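When you read off a place in the sequence shown, starting at 1, and then add 477, the result is the number in this note's numbering. C-beta: ideal position from N, C-alpha, C; glycine also. Predicted model only: the values in this text are computed from it and were never measured.
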Amino acid sequence: MREAKKVYYKSKFGKHQNNPKQAWRTINDILGRKKKDTMINELKLGNDTITSPMRMANCLNDYFTSIGGKIGDSCSEHTQKLNFGRHMSDNLNTSLEFTLHPVNESQVFRLLNNLSISKSTGCDKIPAKILKKSASVITPSLTKLFNSAIGMGIFPSEWKSARVIPLHKKGSRSVLDNYRPISILPVISKIFEKILYEQLYEYFTTNNLLSEQQFGFRRFHSTSTALLDCTDEWYVNMDRGLYNLAVFLDLEKAFDTVNHDILLAKLELYGIKNTPLMLLKSYLSDRSQKCQVNGELSTLKYLKYGVPQGSILGPLLFLIYINDLPNCLQHSTARMFADDTNITVSGKSIKEAEVAVNVDLNNIREWLLSNRLSLNLVKTEYLLIGSRHNINTLEEQPRVFIGDEPIKGVQVTKTLGVKIDQFLTWDSHIEQISKKISSGISAMKKIKDFTNSDTLKSVYYGLVQPHFDYCCEVWNSIRPLQDLLLPQAQFLYLQLQQCNKTSRGVQVLYSNRKGNDMQVVCLKEGVKYRWKSVD
């Protein structure tokens, strides 16, 4: 039986050696991994249980389209006397003005030709494959259409309708809040958005309008650079004998809550005026969506708040919306990765840090209210970071508040996928990734008899190596725990290879990695980041 299984799977791998997608399906088949079930059997709405696909689709669509408005409206009760623009930089160059240039046929053809044919089809039912294959024929007409929209400042209404697939996050599958929307927009819409995005992003970066504290959705920025910026400050303060008080803020449904009037007013302050502003107003207004559940589509609903989910322009518009948040701070340094925000203050004493952070949290509270955004206090927490001596000899913990609400203190927090403890030992993060690495190696053991060395390497680089690589320049300090634990897992991978099980064979495989040793890579990445920072 086992031999027959070997022959069967080796034959399948042989057929799909040039088709990674099919090869991974075979791997998942061996591992017994089933495709995620997207079917929804029931939803709870109050005391009622709904099982009709159409009714479930309508319930989810109502929820997705109303959540931003509910949060925004709850903030508006407190914002009458607050001016959202008061934290816009005084140094803004008021003479700046954005010019949106017409597009030419070569640009449109390039975008069509670069389309991925695997892109999902939107409500217009025009697949990417058709657009790509007919690129040479439709380019002139699309170019005229795009330039007409640019000239008139009108975003076509047909391109503003999305098909939404609810994706289960966690918890009970019958609870509305446990789903998030995946919006699928017309492919042509995203091509036009790409044209607008490239010009708008270039304008903001060339004129240095985006905050240096923003690391999300920007070229040459990443979760690694955000975390390195944080940890560099924390290490320096620890060396000086100071306490770091870091608060990790959780903005509630921030992308869905963006107020269009405030966003458009901010765009105008940044120099987006006249026809380009009209086009962006048209882009944001009258957007609609239908939700699909078990093959059934809901009725059409309109969205009054938020930046379009699944869009090209949406993330950039969100960055612009929260761009002035760091300007409200008096004592802290902010780091933002889109809506994932933390602030840090330092002090010689806990009291000094406590007073400073509470002042800035009050400033943040006012900024959030004036911008109609809300904080999820359950997920907001603070971490006191310092030397073991400083932390362990404390008589009391800091008392941190936003408004009248206390913020809980933790000894370990997780931000941007990395676990951070108050001594920066990285033990918790090492433990977390070790479990994932162990799971990946177990998977390799299960399939090693059914495949060849090349496929096994692919599994390693798909299921194991990413856990070594992710933000390794942040957490991979040279410590005995890392030196013992992580290289052991890499060594085990090399032992799993079928080419040679001798010590000599393992050494050859190590040498064949061409200097891709984890610690070398991490060191290189850290040096590159710091060199860019100095430059």
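Applying the criterion that 16 or more other CB atoms from any shown protein chain within 10 Å of the CB defines a buried residue, is residue i buried or exposed?
i	result
Asp881	exposed
Ser856	With the sequence shown as reference, residue 856 is identified as Lys, and Ser is not the correct amino acid for it. Classification of Lys856: exposed, given that the 10 Å Cβ count is below 16.
Glu831	buried
Leu793	buried
Met921	buried
Gly693	buried
Arg510	exposed
Gln786	buried
Phe814	buried
Arg865	exposed
Leu740	buried
Gly648	exposed
Ile797	buried
Ala481	exposed
Glu670	buried
Tyr938	exposed
Thr571	exposed
Gly791	buried
Asn496	exposed
Just to check my reading of the structure: residue i and residue j have Cβ atoms closer than 8 Å, yes? What is that Cβ distance to the nearest angstrom?
i	j	result
Leu653	Tyr540	5 Å
Leu589	Ile668	7 Å
Lys778	Gln766	6 Å
Leu860	Ile897	7 Å
Val877	Asn835	6 Å
Thr734	Ile879	That pair is no contact at about 17 Å.
Ile631	Leu756	7 Å
Gly748	Leu573	4 Å
Val724	Ile820	5 Å
Ala1013	Asp816	Past the edges of the chain, shown from 478 to 1012, lies residue 1013, and the structure says nothing about it.
If you compare alpha carbons, which of the options is closest to residue i?
i	options	result
Ser660	Tyr674, Phe575, Asn538 and Asp525	Asn538
Lys487	Thr503, Gly509, Met715 and Trp844	Thr503
Lys891	Ile879, Phe900, Ile884 and Ser905	Ser905
Gly628	Gly546, Leu740, Thr515 and Pro579	Pro579
Lys912	Ala731, Leu940 and Arg563	Leu940
Asn663	Leu592, Leu719 and Glu729	This sequence places Pro at residue 663; Asn is not what is there. Checking every option, the nearest Cα to that of Pro663 belongs to Leu592.
Met533	Ile631, Ala811 and Tyr656	Tyr656
Gly824	Leu687, Asp506 and Tyr720	Tyr720
Ala605	Cys707, Ser595 and Asn624	Ser595
Ser759	Pro617, Asn524, Leu728 and Trp636	Trp636
Asn714	Phe900, Asp946, Glu908 and Asn495	Phe900
Ser625	Lys646, Ala500, Thr752 and Tyr947	Thr752
Gly523	Cys536, Asn800 and Lys828	Cys536
Ile517	Glu773, Leu754 and Ser826	Glu773
Lys621	Leu686, Ile642 and Val585	Val585
Name the DSSP bridge partner or partners of residue i?
i	result
Gln769	Leu774
Tyr678	Answer is none; Tyr678 lacks a bridge partner.
His645	Tyr656
Thr932	The partner list for Thr932 (beta bridge, DSSP) is empty, contrary to what the question assumes.
Ser595	The partner list for Ser595 (beta bridge, DSSP) is empty, contrary to what the question assumes.
Ala639	Gln766
Lys521	Thr526
Tyr779	Ser765
Ile548	According to DSSP, Ile548 bridges with nothing at all.
Tyr859	Val724 and Gly886
Ile661	Arg640
Leu608	Note: Leu608 sits in no beta bridge, so no partner.
Check: Whole alpha helix (DSSP H) runs in the stretch 864 to 899 with 4 or more residues, listed along the chain?
Finding: The qualifying runs are 865 to 869.
- Which residue spans inside the stretch 788 to 823 form an unbroken beta strand (DSSP E) run of at least 3? As for any beta strand (DSSP E) of minimum length 3 sitting wholly inside the stretch 788 to 823, the runs are 810 to 814, ordered along the chain.
- Fully enclosed by the stretch 682 to 767, which alpha helix (DSSP H) runs are 4 residues long or longer? Along the length of the stretch 682 to 767, whole alpha helix (DSSP H) runs at least 4 residues long occupy 700 to 716, 731 to 734, 737 to 746 and 751 to 761, reported in chain order.
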